[in-house]
Amino acid sequence: MTAADGTPAERAHVLATAARAGDRRALARLLTGVENHTRTAELALRALYPDAAASHLVGITGPPGAGKSTLVAALIAELRGRGRTVAVVAVDPSSPITGGALLGDRVRMQSYAADDGVFIRSMASRGHAGGLSSTSAAAASVLAASGFDYVLLETVGTGQSEVEVAAAADTTVVLEAPEMGDEVQAIKAGLLEVADIVVVNKGDRPGAQRTAAQLRAMLTPSAAETHADSADGPAPSPRRGPQPRHPEILVTTAATGDGVPALLDAVIRHREEGVDGVTRVARRGRAAAQLRALVAERTWARLDDPAHQALVDQVVDEVAAHTLDPYAAADRLLAALHP
Ligand SMILES: Nc1nc2c(ncn2[C@@H]2O[C@H](COP(=O)(O)OP(=O)(O)O)[C@@H](O)[C@H]2O)c(=O)[nH]1
Ligand SMILES: [Mg+2]
């Protein structure tokens, strides 16, 4: 039997088994199924899910043109040099505003085509029924379960959903280029909040070290602040759970590979130090986000059933006419599902 025959359950079993064994065509097919929300992909993902825990999921985000794709290519080289396998999901924006080249082009230049330890998948950032973050999380799960030691998720840090994708990784790396205006770019996008590691790339450009110093000054609590807090601020409230970490700030030159081994060391350190705290929190956040998206998607799938069509149409009309408020409308729709 081939993956094209049989029931969805049978096809899913064939695909999951082949993906686990490293069959790239099966993997590619499975990822297409994940993007299209097919029943077969869902069943395969369910079979693969328990195997995904060992992989290290690393999000890489930052403004367009900061060098994310170049850095991903450099990280692939570094990981392969250390004998580790790596899969990449690159979320390419559908709009051509980015000045950067597609990751696939960069990696093709380095010819990993024949290397089974590298797998690259590009994904459009628009048009995902269940949301970009649930689709890319599912894709990352498939790749992790297929045995890749590292799964890198490259997203442009320009939209909320793209940032969420990277933020939900075990380790989130935020890229910054040396100051291109008067302000550090990542601050505008609110990206620094999600950073476990901040990388100032283009270390060969003037201003890289200065940008790194500015970021360190901003992100590292100074002794003076600590003192001021205890002197005249209100008593600090007791914190629960692990203390937030202050992101490490590194400088790389992705174009030459300078600083990339140190970055990989920091990524590994982040996970090792965080196994019981930070990583678990990140994984829980990812699980919760994925579940929220799925529940919303499945609820709508049920409401889209012809049996509910008349009610949905009526409620939409009433909300549009302001004769029913949207909150009551939502309650009425949910009640219809659980009579
Ligand atoms: N000078 C310099 N240029 C770089 C470096 N890394 C990337 N670039 C260049 O910056 C541009 C954008 O890189 P890309 O990786 O496509 O950026 P992305 O949009 O963040 O993925 C390209 O022209 C790269 O060659 C670097 O370390 N130094
Ligand atoms: Mg890119």
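Each residue of the sequence shown is one higher than the last, beginning at 4 in the numbering used here. Don't be surprised by glycine CBs; every beta carbon is placed ideally from N, CA and C.
Could you check if residue i is buried or exposed, using at least 16 other CB atoms within 10 Å of its CB as the buried criterion?
i	result
Ala12	exposed
Glu251	buried
His249	exposed
Ala257	buried
His59	buried
Arg14	buried
Val317	Here the sequence assigns Gln to residue 317, which means Val is not the residue at that position. Exposed: under 16 other Cβ atoms inside 10 Å.
Asp320	exposed
Ala172	buried
Gln1	Residue 1 is absent from the model: the chain starts at 4 and stops at 342.
Arg305	exposed
Ser125	exposed
Gly160	buried
Gly193	exposed
Glu38	buried
Asp199	buried
Leu340	exposed
Tyr330	exposed
Gly236	In this predicted model, Gly236 has a pLDDT of only 46, less than 50, meaning its place in the structure is not dependable enough to derive any value.
Ala57	exposed
Ala313	exposed
Leu78	buried
Leu30	buried
Ala346	Nothing can be reported for residue 346, as the shown portion of the chain is limited to 4 through 342.
Gln116	For the sequence presented, residue 116 should be read as Ala rather than Gln. Result: exposed.
Ala324	exposed
Ala290	exposed
Arg299	One point to set straight first is that residue 299 is Ala, not Arg, in the sequence displayed. So Ala299 counts as exposed.
Ala211	buried
Ala216	exposed
Can the beta-carbon of residue i be found closer than 9 Å to that of residue j?
i	j	result
Val154	Thr64	no
Arg83	Val121	yes
Glu81	Val202	no
Asn204	Ala93	no
Leu48	Arg23	no
Thr88	Gly150	yes
Asp307	Val315	yes
Ser137	Leu267	no
Ala127	Asp152	no
Leu135	Glu157	no
Pro66	Leu178	yes
Arg28	Ala21	yes
If you measure from the beta carbon of residue i to each beta carbon in chain D, is any gap under 9 Å?
i	result
Thr138	The structure shown contains no chain D; it holds only a single protein chain.
With a cut-off of 8 Å on the beta carbons, I'd call residue i and residue j a contact; round off their distance for me.
i	j	result
Val176	Val91	Going by Cβ atoms, the distance from Val176 to Val91 rounds to 13 Å, so no, they are not a contact pair.
His311	Thr174	Contact doesn't hold; Cβ gap of about 43 Å is too wide.
Gly288	Val254	Going by Cβ atoms, the distance from Gly288 to Val254 rounds to 29 Å, so no, they are not a contact pair.
Pro181	Arg219	About 14 Å separates the two Cβ atoms, so there is no contact after all.
Asp119	Gly25	6 Å
Ala170	Gly62	7 Å
Val322	Ala332	5 Å
Are the segment 27-45 and the segment 72-85 touching by the rule of at least three beta carbon pairs closer than 8 Å? no
Could you tell me which whole alpha helix (DSSP H) segments of length 4 or greater appear in the segment 18-88? 27-38, 42-51 and 71-84
Tell me whether the segment 139-150 and the segment 28-36 touch, counting them as touching only if at least three CB pairs, one residue from each stretch, are closer than 8 Å. yes
Entirely within the segment 155-212 and at least 3 residues each: give me those beta strand (DSSP E) ranges in chain order. 174-179 and 200-203
Which runs of the alpha helix (DSSP H) fall wholly inside the segment 261-332 and span at least 4 residues, in chain order? 263-277, 281-306 and 309-323
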